[in-house]
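Notes follow the structure.
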Amino acid sequence: MKRRTLIGALAAAIAFAAVPKRARANPKKIRPPGALPPGKFEQACIGCYRCAEVCPTKCIEFPSTFSLDQATPFIDTASRACVLCMKCTQACPTDALTRLAADADVVFQSVKMGVPKLTRSKCLPWNGTGVCRLCYLVCPYPDKAVELVGPQKAPLFHESACVGCGLCEEACPELAQAIVIEPLGSA
Amino acid sequence: MAPRRPLQPLDLTLRHGRWYQRTRVAFLTFSVALTFVLPLWHLHSLDVAGAGFAQDSAWFRLGRAFPDQPPPFVGAPTSISVFGLELVDPLLAGGVALVHGVSWKWVWTVLPGVVLVLLLGRFFCGWACPYLPILAASNVARWFLTGLGFKLLDVPVPRAAARVALVGVLIVTALTGAQVLPLVYPPALIGREVFHAVFYGSLGLGALVVLGAFLFDTFVSRAGFCRSLCPGGAMFSVMSGLSPLRVVREKSKCTDCTVCDVVCNLGQKPMTDKLDTGCERCGKCIASCPTKALSFRVAKPALFRAPEEKP
Amino acid sequence: MSPPLKTIVRRPLNRRDLLKALPLGVVGAGTAGLVLYGKRAEATTQTRGTCRFCLMHCGVVCTVQGDHLVKVEGDLESKTRGFVCEHGYALRELVHSNARLRAPLVRRGDAFHEVSWDDALGEVARRLEAVKAKHGPEAFAIQTGWPLVRHPLVDMLHRFARAFGSPNVATVSSLCEASLRMGQALTVGSKYAPDVKNVRTLVVWGANPPTTAPPFAHVVAAKAVRGKLVVVDPVRTSLAKEATEYVRVRPGTDGALALGFMHVLFTERLVDEAALAKDTVGLEALKGLSAEYPPDAVERLTSVPKEQVVRVARLLGHEKPVGIWQGLGVEHHESGVQTVRALSALETLCGRFHSGLDLASVLTPPGPRFREELLPALYRMKTPEPVPPPVKARALGSERFPLFEMYNREAQGQVLADAILDGKPYPVRALMLVASNLLVTSSAAQRVSQAVEKLDLLVTVDPFFSASAQRSDVVLPAATFAEAPDVDDRDAVAKGSLVPPQHQASSDWKVLVGLARKLGLGSYFPWDEFADARAARHVPWMRDEGSQPVPQPLDETPKFSTPSGRVELASSLLEAHGHPALPVWTPPSETPREEFPLRLVTGPRPRAYINSQFRGVPSIEARMRQIEALVHPEAAKRFGVANGKPVHVVSPYGSIVARAIVTEDVHPEAVVLPAGWAEANVNQLIAPDTKDPISGFPAFRSGVCRLEP
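Protein chains in written order, with this note's numbering: chain A, 1 to 187; chain B, 1001 to 1311; chain C, 2001 to 2709.
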């Protein structure tokens, strides 16, 4: 009887392993750099929180709510942004975060955490209420991901060249909060 | 089947195998300490004290920095990197293999754990699981409550329930395509909750699962969670079929005092040689036997034994 | 023997059983402790102050939780109207960096020991007294760094040094801005601003305001739309891309280009000679000098097409007045001061000082003070009483660069290594670095490194364990500007700071006062707070050294603060000191040759860093992780250098590895490297003793090199 249980369990496991699957748990969240595409990431992450432990800016968080993604890390770029040091990718045991070198070109080509959305009516240079270029100044890829246009030096984002680290969103002044990094959708 | 009598403190008196027990407790303490110390350590071991970043936890503001070099230990007992050597719980790795797939890196990270389990059986449960202090606390609670005159349940939940739980979790994992094990597997949960407490100054709702397990163990069935619900225990039990280490009894010395049966958290019955793959190699039965009748021996693994030899 | 079974099986609970509940206690208390302690909330306050990372002095509002800085924002009510850049924003990372020094360190043998402040200052005082007894008080020197540029504390450092008996305080002026100050003062009597708003044409020459003056980036760029903007630079900067004219000049030939412009202005009669004649000295001589620089010759010398030379000169001549924003690109050559003078002369010819603009808003107005002293603008010419006694020894560098000493009243730090190693003009045996990373930022890096070995005492006052601190005998943990009394852009010192001091850090002022009192100089430092010292009544001082020329008694108030009261296109002071009176151009002494065919320009600031600051600050490092060499595609092809790959930059004096950035934006004959990396110190690539003969500035931007992949 015991043996039958064992064999049954193994058979069930093998059967399920063979079935093609799709991650149902696919919350829209900004994942740490180097993360597998949405859906794939949730499959590969075992919630060991090593990435969050080694993060120098402690930007990697875990949800407090009880949900299917409770054990998967995310970044709340509004409060703390990623500085692209790639330490988390080197700590991941399951390659849910692909191991990357902290090299500007490697990061530029391989990392895509989200896409920036600018609300021009809130942006100080765009609506003419102030002098501010902080998003451009903190951007790791200035002139590629964000450039300054016009006499007001207002920011213009290029989604395709943005890695989505969120330094701009974090830096955007409290009274503006014009930038939001939106998570990637399903692959 | 007559119910077991409740565990009494003196049952656990160390009579033999002191070094085995001391080693085990030391290893266990180390393992549990890692769970608590590593998050605190990492909080202070990096480039920036994080104080300017994290407003969630006052722990950010404590203590002196460690030098900035690759930390020798990262993670918790279920998934730890020790001086560059990766150790991942075979159960969690199995979940990844089930829904995500297998890579060479997966093989290397899971291999040390698998080899250890194949050799030593379900040793993780007795030697390293961070749930053990909570289980011990549950046993203590049971002593006190029984001492106060409460009649506590000790429902003998069938051990197969754990396998059902394991398969159930794996099915849910496969159906949702998400990792469910880290949500219900106490060692992984405890590590993450401690990390949560240190990093964010709060507990995640995963702590409720741990609390539930504690209440279940205390009021429903002694060590019932470990024995009959924990998917990790079930997984290790399955793999333990290949372990050559086994507790054997010298019938001539045995006085049928039942102490060994009583001290076993996992419901093994060394007194009647009813030992199966659920043995966690904690050696408490050997240590508490008044007549030195029990000892570890290298024996034929359970999987290869003839049916009549089986309990 | 084993106890009988009966007692095993049934036994009442006893106290020892409590011990067995220990795991519950430990885990429960542990988790509860983690949560409860972590939840401890601290009061949040907001502090206002000034960001002093750079000279823009932006107003900032800081959110402070307990004693922790959690957010920095621009102050909308300040002069900079809410602007704050990534450096100000990274203040919290810097203040709370784990790399901060936590306690005073004293080197004993090969190891540093943490000691108390009292012991550390006692040790410094004891060893300073020993140096004083053996080599005289002038054997002690202080070198300050970038954070103290235009900081009122420098005044107090002078006071301290002079109370000790040494004239040797060297600041960043030894290699930054002083050439500009001297060149402009020698020509028109004082330093002046480019007056961006009022001039019609703005020339940005060897500077990049979007990098070095970010709050004004849009004001400067707007000149291209409302006016004319000319950028002269070997690198096509972001500003150059917006400019009316971008002049890609060969590094080190700015003087020739300026004279070439003057030639066109004179020959095409775009100069109002009649108006200038009565207000200037040496107009005809300058005309004669510029005649040697026809556009053909200028094209050959500067690689600027002659058509462009004529075109830009005509633009300058027609679109008057012209203001020139000069940067270090002009100063860091052997002919630095003379080039600054050439640019001042060019501005003068283009009607800068004769076009009805309010001179008072541009120049420091000459007045009664000028009659007493030649240099009216130096704030440190006053100090509170009691005034320290006069010092006999002359400051270092005053023999070789007397004009530098005259115009800056301080030691020229570039000769420190000579004084230490060769004992010329007198030995220096004790050095205190305040907010300076001398080993990384000084010219002649190898010689400075040797010199440090020869010192009896090297003290570093710094928040970080910098490359220089690691070589020091005593390291004192300094507070960052955020933890020290706030100093606003008008030098007013507040009592409070933005954040409480971290660890055992102490403000530079407290270090100075503590040390002075240990040395028995407490009578000169009776104030506990810097604000009190600043508030004390100030009296003139440092006028006793005979280094100042006696000004001519003038009948009327002169327009310009030069000895003649006019714009000195030909400077009498320079002539008196044996330099050419006219703003002549001399080519760099090192010319590219077969072995080292490229011109090496070191030191332009990348936007990410300010000199050697911000190393190890994560959000800043995200912007630039290693030193980057700008290489033109032609040079890259010739030397087999690939974009983004490591490249060895080899000069006759050393070699470093940098990441190659292959770009058309850089002059084809030049390689451009920023400075400030301890592990890739560009200063060891530059000839150790090529200096501007007037100011003593190192020729950081006219080296030679080759590339190796």
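The C-beta atom is built at its ideal place from N, Cα and C for all residues, glycine as well.
Would you give the residue range spanned by the alpha helix (DSSP H) that F41/A belongs to?
40–44
Inter-residue spacing [alpha-carbon to alpha-carbon] between R2127/C and A2099/C
28 Å
To which residues does DSSP link H2648/C through a beta bridge?
V2657/C, E2708/C
Any idea what DSSP makes of L2105/C, helix, strand or coil?
strand
Examine chain B for any beta-carbon lying closer than 8 Å to the beta-carbon of L2034/C, and answer yes or no.
yes
Between which two residues does the alpha helix (DSSP H) carrying T2714/C extend?
Outside the shown range of chain C, which is 2001 to 2709, sits residue 2714/C, and nothing can be said about it.
Can a CB atom of chain B be found closer than 8 Å to the CB of G2644/C?
no
Quick test of your reading: A2222/C and M2056/C, contact by CB under 8 Å. State the CB separation rounded to the nearest angstrom.
The pair is not a contact, with the Cβ atoms about 17 Å apart (cut-off 8 Å).
Taking C-alpha atoms, which residue in G2145/C, L2396/C, M2406/C, S2442/C lies nearest to D2422/C?
L2396/C
Along chain A, which residues have their Cβ under 8 Å away from the Cβ of P2214/C?
R133, L137
Which residues of chain A have a Cβ atom closer than 8 Å to the Cβ of Q1086/B, listed in chain order?
At residue 1086/B the sequence reads Glu, which differs from the Gln that was named. P93, listed in chain order.
Cα-Cα, which of F2216/C, P2251/C, V2203/C is closest to A2240/C?
V2203/C
Cβ separation of G114/A and L184/A, assumed to be a contact under 8 Å, to the nearest whole Å
6 Å
Would you list, in chain order, the members of the region 41–52 of chain A that have their beta-carbon closer than 7 Å to a beta-carbon of chain B?
E42, Q43, A44, C45, I46, G47, C48, Y49, R50, A52
Could you name the residues of the region 170–182 of chain A whose beta carbon sits closer than 7 Å to any beta carbon of chain B, in the order they occur along the chain?
none
Tell me which residues share the same chain as K1269/B and place their Cβ nearer than 6 Å to its Cβ, disregarding the 5 neighbours each side in the sequence.
D1261
Among G2329/C, I2324/C, H2332/C, which one has its Cα closest to the Cα of A2345/C?
I2324/C
Can you tell me which of the three DSSP states E2529/C falls into?
coil
Which of helix, strand or coil DSSP assigns to T2045/C:
strand
Limits of the beta strand (DSSP E) - the one that H2113/C falls within:
2111–2114
Nearest to S2612/C (by Cα), restricted to the options Q2626/C, L2600/C, V2601/C, T2591/C
Q2626/C
Checking 8 Å against the spacing of the C-beta atoms, do K117/A and E182/A come in under that value?
yes
Determine, using beta carbons only, whether L1188/B comes closer than 8 Å to chain A.
According to the sequence as given, residue 1188/B is Ala; it is not Leu. Chain A, which has a Cβ nearer than 8 Å to the Cβ of A1188/B, makes this yes.
Considering just the uninterrupted stretch of the alpha helix (DSSP H) at C1125/B, what are its terminal residues?
1123–1127
Are the CB atoms of N2437/C and S2472/C within a distance shorter than 8 Å?
no
Determine which residues of the region 2236–2261 of chain C have a Cβ less than 7 Å from any Cβ of chain B, and write them out in chain order.
none
DSSP bridge partner residues for I179/A (one or two, in chain order):
L118/A
K2071/C in three-state terms, based on DSSP:
strand
Cα-Cα, which of P2485/C, F2083/C, H2503/C, I2610/C is closest to S2497/C?
P2485/C
Step through the CB atoms of chain C and report whether any lies within less than 8 Å of the CB of I1286/B.
no
Pairwise C-alpha distance: V2475/C and P2386/C:
30 Å
Do you know whose CA, among K2287/C, I2694/C, Y2426/C, lies nearest N2168/C's CA?
Y2426/C
For P1067/B and K122/A, I'd like the C-alpha separation in whole angstroms.
At P1067/B, the pLDDT of 46 sits below 50, so the modelled position is not reliable and the matter cannot be decided from this model.
DSSP-derived helix/strand/coil call for S2506/C
strand
Once you ignore the five residues that flank V2499/C on each side, which residues in its own chain have a CB closer than 8 Å to its CB?
T2047, C2062, V2064, D2067, H2068, L2069, V2095, A2482, E2483
So which residues on chain A does T1109/B lean against when the C-beta distance must stay under 8 Å?
P93, T94
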